[in-house]
Amino acid sequence: MSTPAPSSPDRRTVLRGVAAAGVVGAAGLPLAACATEAGSKEIGPKAGDKGPETVGKLPEISVGAGKVFKDSKVVVVQPSKDVYKAYDARCPHQGCLVDEVKQGVVKCPCHGSQFDINDGSVVRGPAVQGLPELPMKVVDGEVVVG
Ligand code: FES
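38 is the number that the UniProt record's numbering gives to position 38 of the sequence shown; each next residue is one higher, with no gaps.
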């Protein structure tokens, strides 16, 4: 008559291996989540990076509205009366050009991200970063960024 052997070393080894795999899996989870949450990528130099750049005439827009200067990839907005701001018009999500400014919000047509015209912050994703504000001034009625 034999008695069953206590837990065999092979079984303990297997259990340790499973536990270790669990630790690695748990440790890897935040990295995977970060990669997914980022949803943004570097989209290269922006208007004005190489010095002052004239993007066009100061638009006649109402408060809360704006205009996209497609060639320069700049959006100029008027958050309050006679206060104008310029932002990089390339969406930080995947680089599409924003195409509309309405009721205080800059909109991206590609996946629906929206940005506050007051500070460029994200109002609605999937973008997780806001639009970078560009230094701007008005010279002889022309918008100059950089
Ligand atoms: S590029 Fe995806 S929301 Fe703008």
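The C-beta atom is built at its ideal place from N, Cα and C for all residues, glycine as well.
- Every residue whose beta carbon comes nearer than 7 Å to a heavy atom of the ligand FES appears here in chain order: C91, H93, Q94, G95, C96, C108, C110, H111, G112, S113, P126, A127.
- Around the beta carbon of Q78, 16 or more other beta carbons lie within 10 angstroms, which makes this residue buried.
- Between the beta-carbon of G130 and that of G146 there is about 19 Å, and that puts the pair past the 8 Å contact cut.
- Ranking G104, K73, L97, V101 by CA distance to the CA of H111 puts L97 first.
- The C-beta distance from F69 to V76 rounds to 7 Å, short enough to meet the 8 Å contact threshold.
- Judged by beta-carbon spacing, K73 lies within the 8 Å limit of D88, meaning their Cβ atoms are closer than that value.
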